[in-house]
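Here is the structure we will look at.
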Amino acid sequence: MLFNHHKKTIESGLKLDFSIPAKHIASVISEFVDSIPNEVILETTSNTGRPAYHPAMMLKILLFAYFRRVFSGRKIERMLEENLPMMILADNRKISYHTINNFRSSDHANKVIKQCFVYFTSLLEDEGLIRENAVF
Numbered sequence: 004m005l006f007n008h009h010k011k012t013i014e015s016g017l018k019l020d021f022s023i024p025a026k027h028i029a030s031v032i033s034e035f036v037d038s039i040p041n042e043v044i045l046e047t048t049s050n051t052g053r054p055a056y057h058p059a060m061m062l063k064i065l066l067f068a069y070f071r072r073v074f075s076g077r078k079i080e081r082m083l084e085e086n087l088p089m090m091i092l093a094d095n096r097k098i099s100y101h102t103i104n105n106f107r108s109s110d111h112a113n114k115v116i117k118q119c120f121v122y123f124t125s126l127l128e129d130e131g132l133i134r135e136n137a138v139f
């Protein structure tokens, strides 16, 4: 699982465990996003020459930040530097607020988020957690 491999041993022999429990919201978000078919998440890659971040990773960090009621791009960037679950979701990558804001304001992210909502609603219906006529 994604969250069970972040361990570090200090020279003195002290082991620090940087894992997150399976029931932590970051784990739940990661599993949900990973369950979405790639054709829903992916689009053609950019030809700008800059390294692209995988849309699934970007979606994970946005969903986690929004769950924690953090909406500012600069505050999300800070979470990526200071918040262990966020660091793990981003695979310890440093992502600028500019990149975060560009992603979430893109047409692609807008489509992906709408499709994820539909996918999530279908998942809840399949699990019997909501009825087809539920209103959100």
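The sequence shown begins at 4 in my numbering and counts up one residue at a time. Where is the CB? At the ideal position from N, CA and C, for every residue including glycine.
Within 10 Å of its beta-carbon, does residue i have 16 or more other beta-carbons around it, so buried, or fewer, so exposed?
i: Glu80; result: buried
i: Leu92; result: buried
i: Ile28; result: exposed
i: Val36; result: buried
i: Ser30; result: buried
i: Asn86; result: buried
Can the beta-carbon of residue i be found less than 8 Å from the beta-carbon of residue j?
i: Phe74; j: Ile32; result: no
i: Tyr100; j: Arg77; result: yes
Near residue i, what residues of its chain come up, given a Cβ to Cβ distance below 8 Å and the 5 sequence neighbours on each side ignored?
i: Val115; result: Val43, Ile44, Pro58 and Leu62
i: Phe123; result: Phe35
Going straight from the alpha carbon of residue i to that of residue j, what length do you get?
i: Asp129; j: Ser38; result: 14 Å
i: Ile23; j: Pro88; result: 7 Å
i: Gly131; j: Phe120; result: 17 Å
i: Leu126; j: Leu65; result: 20 Å
i: Arg96; j: Met60; result: 10 Å
i: Ile98; j: Asn136; result: 39 Å
So is residue i in contact with chain B if we call contact Cβ pairs under 8 Å?
i: Leu45; result: As a matter of chain content, chain B is missing from the structure shown, which is built from one protein chain.
Regarding residue i and the ligand COA, is the C-beta to nearest heavy atom distance less than 7 Å?
i: Arg77; result: The ligand COA is not among the ligands present in this structure, which contains no ligands whatsoever.
Excluding five sequence neighbours on each side, which residues of the same chain lie with their C-beta closer than 7 Å to the C-beta of residue i?
i: Met82; result: Ala68, Val73 and Met89
Once the 5 residues before and after residue i are set aside, which same chain residues still bring their CB inside 6 Å of it?
i: Ile133; result: Leu127
i: Gln118; result: Val43
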